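A.B. asks: The listed protein sequences correspond, in order, to chains B and G.
Using UniProt numbering, the letters of the first sequence correspond one by one to residues 1 to 355.
Using UniProt numbering, the letters of the second sequence correspond one by one to residues 1 to 355.
I am attaching a structure below and will ask some questions about it afterwards.
Number of protein chains: 2
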Amino acid sequence: MKYNKKKNKCNGNRERDYGLMNPTIHDIAKRANVSISTVSRVVNNPLAVREEKRQRVLEAIKELGYEPNPFASGLRDRLTKTIVAIIPDIANPFYASMFRGIEDTAREQRNNVMICNTDRNEERFFEYMRYFKKKKVDGIIFASDPLKEHYYKGFEELNIPVVLAATKSEDHLLPYVKIDDYQAGYDAGMFLIRNGHKRIGMISGPKSDPIAGQPRYEGFLASLKKYERLADDSVVFGDFQYDSGYSGMGKLYGKHPDLTAVFAASDEMALGAMAFLQRRNIDVPRQVSVIGFDNIRFSRMITPPLTTISQPIYEIGKEAAMLLYDWIENRDTIPKGKQLQHELIVRDSVSNRNT
Amino acid sequence: MKYNKKKNKCNGNRERDYGLMNPTIHDIAKRANVSISTVSRVVNNPLAVREEKRQRVLEAIKELGYEPNPFASGLRDRLTKTIVAIIPDIANPFYASMFRGIEDTAREQRNNVMICNTDRNEERFFEYMRYFKKKKVDGIIFASDPLKEHYYKGFEELNIPVVLAATKSEDHLLPYVKIDDYQAGYDAGMFLIRNGHKRIGMISGPKSDPIAGQPRYEGFLASLKKYERLADDSVVFGDFQYDSGYSGMGKLYGKHPDLTAVFAASDEMALGAMAFLQRRNIDVPRQVSVIGFDNIRFSRMITPPLTTISQPIYEIGKEAAMLLYDWIENRDTIPKGKQLQHELIVRDSVSNRNT
DNA sequence: TTGTACGCGTTATCAT
DNA sequence: ATGATAACGCGTACAA
């Protein structure tokens with residue numbers, strides 16, 4: 001009774017400043033001469049309402065430009081229309097490009113995507129997890145580090161779809177989108193071999209990294225062993241960052257001053273290696289060739305322009321987001337992951353020793 | 001009556017699966033033996049409640065791990081708890097760093113920030129504007145290009161707070177956060193002069209750019225004129241990107257092969273200039289010195305490491321976001337903008353000619 | 001099939 | 001200073 005009066009008064013008020021106000025489910029109901037539940041049904045379960053009314057409602061929705069209020073439905077505990085991208089650092093161009101892929105498909109779905117920069121810090125990761133328990137999100141794209149066991153546990157608690165981008169899980173079957181890192185490492189080695197290099201070194205990522213570390217390392221080794229090139233002790237391990245590339249090249253050069261080519265598992269490490277060489281007045285590529293990995297924006301801007309393995313990083317993000325939405329829409333079938341193709345970008349940092 | 005019964009039943013239910021459940025304001029209230037209004041006050045306006053009770057409430061909040069439900073408050077106050085960052089491209093490290101500043105303060109406010117990459121494309125900008133008219137946002141940080149007149153018109157329609165980051169508006173008084181670009185250009189010129197350079201060139205941004213273009217150009221000119229160094233026709237104009245730096249250096253070198261130093265209005269253009277020189281076997285910095293602008297992540301990773309003017313870009317983002325939140329909270333007083341300090345980062349790309 | 005009314009958690013208003 | 005309660009917009013159990 002009292003309730004009803006209030007409601008009417010409320011609607012009455014709203015009519016006045018129309019156009020400014022966002023139409024609600026009530027406005028649509030009135031316009032279409034149905035009840036709010038009918039409107040709600042049309043939106044959420046269209047088949048449950050008679051054709052004729054459905055049309056009326058649909059029309060009213062169009063005319064008034066109705067969009068459900070995400071806070072109201074969020075409060076009621078449904079989808080929040082936002083997904084999360086967990087990445088190490090958006091200021092890293094590699095992840096930034098991936099993010100653009102994610103973002104573009106999210107926009108197509110009229111969805112929001114929230115960035116979480118972990119800075120590779122576990123504490124921050126779990127902080128986010130706690131936050132998500134409150135403020136629900138529909139799904140997660142995880143692109144930070146290899147997926148550790150307790151990270152997985154965190155996801156499990158949330159009980160929402162998670163897909164992996166440029167990484168994968170050994171023990172759990174979460175869908176992932178990535179390239180074939182083993183093959184890519186193999187290809188890098190082969191490229192050097194085909195260019196006549198005999199003594200080849202590598203600056204690898206950490207062996208403990210089951211994605212960008214070990215596979216690239218092993219693919220590379222395989223190519224070398226096949227042609228009986230130098231191997232094993234001509235490999236040094238870094239953390240993908242510039243400084244470890246610089247110092248890694250230093251170690252390598254100390255042990256094997258006769259190296260003619262080096263494969264770095266990231267472009268940043270390749271930059272570091274080149275910096276070391278150039279500061280020692282060792283010419284790249286004439287004396288030592290360098291091949292990188294990632295094809296970041298700046299790899300073409302340095303001197304000499306860097307030959308590198310390109311990951312289709314934008315597409316990885318895009319594909320991962322699409323998989324995620326598939327899963328969100330159809331909660332009970334886990335989508336299958338995908339392998340995307342890498343590509344060798346030939347620029348000027350590798351010399352041909354065959355001639 | 002009926003109401004009360006329901007409430008009790010509900011709370012009764014909740015007690016059981018505690019630990020799993022997120023505590024609400026009601027749970028805190030009960031625990032602290034106060035009303036929910038008091039709890040709400042403690043959270044939003046602590047000074048309005050007596051010390052003793054406040055402590056009790058605070059303690060209960062700690063113990064139960066209460067966090068306000070953003071959906072509920074969003075529903076109440078019509079704020080969407082999301083702001084928008086309009087930038088050219090998140091894959092550009094300059095904007096990525098700014099974004100991190102924005103994001104970090106947004107997170108403090110338990111807010112979401114949505115990225116809009118315009119790619120410097122007007123069409124995309126207005127697409128976003130249309131989107132915002134539907135799905136409201138609380139405020140905007142604009143960091144894309146100079147603010148054109150019809151962009152401003154777009155904002156006006158939305159009728160929400162907008163603050164400018166690393167840019168400003170000539171005609172409208174939107175708050176902005178930026179450095180003093182004129183002074184920065186002046187400082188760059190002075191640094192070259194103090195290092196004994198006599199014939200100095202510049203690769204500027206477009207003169208039509210009233211922020212990163214003209215002021216840096218004029219500040220630079222002012223320093224040169226003061227000491228009667230070469231000026232005017234030793235300036236060439238680019239678009240801040242790598243390629244224009246490369247070709248710009250080409251033009252400059254064609255006209256003035258005797259130049260000993262060049263100031264580039266962006267690090268990317270500086271990279272381009274260095275690439276041109278190095279490919280001509282002109283040594284940097286021995287034969288030609290280069291100073292850049294921005295201090296992007298990679299400026300220290302090239303050979304030689306780039307001397308440059310550093311914008312506190314993270315802080316610019318952070319400060320802009322804080323201004324925006326001030327404005328959102330207090331809709332009727334436009335906050336005043338801020339000028340932040342730039343800094344000269346001396347590395348190895350400028351030689352000293354005095355000795 | 002359709003409509004009514006309650007509850008989600010919070011804040012603001014109004015009494016006290 | 002504190003407490004009761006309406007209202008925000010939506011979804012859904014239940015009634016019709």
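Just so you know, even glycine gets a beta-carbon here, dropped at the ideal spot from N, CA and C.
Computed from a prediction, not measured in an experiment: that's the story for all the values here.
Let me check one thing: in DSSP terms, what residues is L164/G bridge-paired to?
C.D. replies: In DSSP, L164/G forms a bridge with F142/G and Y176/G.
A.B. asks: Just how far apart, CA to CA, sit G12/G and I328/G?
C.D. replies: Note that G12/G scores a pLDDT of 34, beneath 50, so its modelled location is shaky; the value from the coordinates is reported in the next line. When rounded, the distance between both Cα atoms is 39 Å.
A.B. asks: Establish whether the CB of D233/G and some CB of chain B are separated by less than 9 Å.
C.D. replies: Answer no: the Cβ-Cβ gap between D233/G and chain B never drops below 9 Å.
A.B. asks: Spatial neighbours of E218/B within its chain, please: C-beta separation below 8 Å, excluding the five flanking residues on both sides.
C.D. replies: Contacts found: Y182 and G185.
A.B. asks: Can you pull the chain B residues whose beta carbon is under 8 Å from the beta carbon of E103/G, in chain order?
C.D. replies: Going along chain B in sequence order, the residues near E103/G (Cβ under 8 Å) are I90, I115 and N117.
A.B. asks: Would Y253/G be called buried (16 or more neighbouring beta carbons within 10 Å of its own) or exposed?
C.D. replies: Label assigned to Y253/G: buried.
A.B. asks: Under 9 Å, do S208/G and F240/G count as touching if we go by C-beta distance?
C.D. replies: No, they are not a contact pair.
A.B. asks: With DSSP as the reference, please indicate the residues paired to K338/B in a beta bridge.
C.D. replies: Paired residue(s): V177/B.
A.B. asks: At which residues does the alpha helix (DSSP H) containing T80/B begin and terminate?
C.D. replies: Here T80/B belongs to no alpha helix (DSSP H), and DSSP marks it neither H nor E.
A.B. asks: Which residues does DSSP list as the beta-bridge partners of F293/G?
C.D. replies: Paired residue(s): I309/G.
A.B. asks: Looking at the structure shown, is E315/B part of a helix, part of a strand, or coil, going by DSSP?
C.D. replies: E315/B falls in the helix class under three-state DSSP.
A.B. asks: Spatial neighbours of M1/B within its chain, please: C-beta separation below 8 Å, excluding the five flanking residues on both sides.
C.D. replies: The predicted model places M1/B with a pLDDT of 30, which falls under 50 and marks its position as unreliable; any figure quoted below should be read in that light. Excluding sequence neighbours, M1/B sits near nothing in its chain.
A.B. asks: Quick one: Cα of I203/B to Cα of Y176/B, how far?
C.D. replies: Going from the Cα of I203/B to the Cα of Y176/B covers about 26 Å.
A.B. asks: Quick one: Cα of P285/B to Cα of G245/B, how far?
C.D. replies: Approximately 17 Å between the Cα atoms of the pair.
A.B. asks: Whose C-alpha, out of F298/B, M249/B and I140/B, is nearest the C-alpha of G154/B?
C.D. replies: That would be I140/B, whose Cα lies nearest to the Cα of G154/B.
A.B. asks: Could you run through the region 212-244 of chain G and flag, in chain order, every residue whose CB is less than 8 Å away from some CB of chain B?
C.D. replies: Hits within the stretch, in order: Y242.
A.B. asks: Which chain B residues sit within Cβ distance under 8 Å of K30/G?
C.D. replies: Correct list: empty, because the minimum Cβ distance to chain B is about 20 Å.
A.B. asks: Could you tell me which whole alpha helix (DSSP H) segments of length 4 or greater appear in the region 191-272 of chain B?
C.D. replies: Counting only runs of 4 or more, we get 214-226 and 242-255.
A.B. asks: Taking the continuous alpha helix (DSSP H) assigned at E108/B, which residues delimit it?
C.D. replies: Segment P93 to E108, the alpha helix (DSSP H) holding E108/B.
A.B. asks: Quick check: the region 97-117 of chain G against the region 310-323 of chain G, are at least 3 beta-carbon pairs closer than 8 Å?
C.D. replies: Because the criterion of three Cβ pairs below 8 Å is met, the region 310-323 of chain G and the region 97-117 of chain G touch.
A.B. asks: In angstroms, rounded to a whole number, what distance separates the CA positions of N33/G and L323/G?
C.D. replies: Cα to Cα, the separation comes out at about 38 Å.
A.B. asks: Would you kindly check if the distance between the Cβ of I193/B and the Cβ of R229/B is under 9 Å?
C.D. replies: In this structure, I193/B lies closer than 9 Å to R229/B by Cβ.
A.B. asks: Below 8 Å, how does it come out for the region 343-351 of chain B and the region 289-300 of chain B: are there three or more Cβ pairs, yes or no?
C.D. replies: Cβ pair count under 8 Å is three or more, so yes.
A.B. asks: With distances taken Cα to Cα, identify the nearest neighbour of P88/G among M249/G, D104/G and D145/G.
C.D. replies: When only C-alpha atoms are compared, the closest one is D145/G.
A.B. asks: Leaving out the 5 sequence neighbours to the left and right, which residues in its chain are closer than 6 Å to L277/G when beta-carbon positions are compared?
C.D. replies: Excluding sequence neighbours, L277/G sits near V284 and V288.
A.B. asks: Taking all protein chains shown into account, do 16 or more other C-beta atoms lie within 10 angstroms of the C-beta of P312/G, making it buried, or fewer, making it exposed?
C.D. replies: Buried, by the Cβ-count rule.
A.B. asks: Taking the C-alpha atoms as reference points, what is the distance between I115/B and T105/B?
C.D. replies: One C-alpha to the other measures close to 15 Å.
A.B. asks: Once the 5 residues before and after Y95/B are set aside, which same chain residues still bring their CB inside 7 Å of it?
C.D. replies: Cβ within range, chain order: I87, P88, D89 and A143.
A.B. asks: Could you tell me which residues DSSP pairs with V113/G in its beta bridges?
C.D. replies: According to DSSP, V113/G bridges with I83/G.
A.B. asks: Going along chain B in order, which residues have a C-beta closer than 9 Å to the C-beta of N112/G?
C.D. replies: By Cβ distance, chain B contributes T82, N112, M114 and K135.
A.B. asks: Can you find a CB in chain G that lies within less than 9 Å of the CB of E268/B?
C.D. replies: Judged by the 9 Å Cβ criterion, E268/B is in contact with chain G.
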